[in-house]
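Position 35 (the sequence shown) corresponds to 108 in my numbering; numbering is contiguous.
Shown next, in structure tokens, is the structure this report addresses.
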Amino acid sequence: MYSEKVMDHFQNPRNVGEIEDASGMGTVGNAKCGDIMRIYLDIDDNQIIRDVKFKTFGCGAAVATSSMATEMVKGKSIREAMQVTNKAVMEALDGLPPVKVHCSLLAEEAIHAALWDYAKKHGIEIEGLSQPKSDIGEEETDEEY
């Protein structure tokens with residue numbers, strides 16, 4: 074049902090924790106399934122993500138997508154982090170079952186929420202970033218991926 078990569082990131086999650094005084098912090102959830110994901114970013118003066126941590130309350134797929142998403146943005150520029158989509162997270166994990174696609178959407182939105190928080194704190198605009206939703210509804214995950 075789950076790929077080896079999903080199981081590895083669930084059983085050995087990377088970047089778990091909090092960053093005190095984070096440059097940006099984003100929290101998103103899915104009220105229907107109960108998953109909540111929070112991502113913390115430490116961004117340097119050159120807009121490079123020095124460090125990233127997450128805390129996720131949810132299923133194994135939610136933990137795995139959080140872990141993979143943090144790995145994908147660590148060391149990247151804000152612009153590169155904006156390119157991390159739920160599809161990219163799923164591909165990096167070698168796929169997710171259709172009923173768990175919403176977990177990858179949470180990962181993408183949590184990154185965007187943390188970047189939004191960073192942009193607001195620093196009075197900047199990030200190209201392509203719009204105000205994220207705090208609740209990812211199930212209706213958004215009905216599409217085929």
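Glycine included, every Cβ here is placed at the ideal spot set by N, Cα and C.
As the structure is a computational prediction, the values presented were derived from the model and not from experiment.
What is the rounded straight-line gap between the Cα of Met74 and the Cα of His195? Here residue 74 refers to the residue found at position 1 when the sequence shown is read from its first residue. Here residue 195 refers to the residue found at position 122 when the sequence shown is read from its first residue. Going from the Cα of Met74 to the Cα of His195 covers about 43 Å.
Just confirm the distance between the C-beta atoms of Ile109 and Val146, as a whole number of angstroms; I'd bet it's less than 8 Å. As a position in the sequence shown, residue 109 is number 36, starting the count at 1. As a position in the sequence shown, residue 146 is number 73, starting the count at 1. The Cβ separation is near 19 Å, so there is no contact.
For a minimum of 4 consecutive residues, which ranges assigned as the alpha helix (DSSP H) are wholly contained in the stretch 169–197? 174–195
Where the beta strand (DSSP E) through Lys78 begins and ends: For this step, residue 78 is matched to residue 5 along the sequence shown. From DSSP, Lys78 is part of no beta strand (DSSP E) but of the alpha helix (DSSP H) over Glu77 to Gln84.
Quick one: what's got a C-beta closer than 7 Å to Ile199's C-beta in the same chain, skipping five residues either side? Position 126 of the sequence shown, counted from the first residue, corresponds to residue 199. Answer for Ile199: Ile151, Met155, Leu188 and Ala192, listed in chain order.
Helix, strand or coil for Gly148? Go by DSSP, reduced to three states. The residue given as residue 148 occupies position 75 in the sequence shown. Reduced to three states, the DSSP call for Gly148 is coil.
By Cβ distance below 6 Å, which residues in the same chain neighbour Thr129 in space, the five residues on each side in sequence not counted? For this step, residue 129 is matched to residue 56 along the sequence shown. Contacts found: Met110, Ala135, Val136 and Ser139.
Distance check for Met163 and Val174, CA to CA, integer angstroms please. Working through the sequence shown from its first residue, we reach residue 174 at position 101. Working through the sequence shown from its first residue, we reach residue 163 at position 90. Using only the alpha carbons, I get a separation of about 8 Å.
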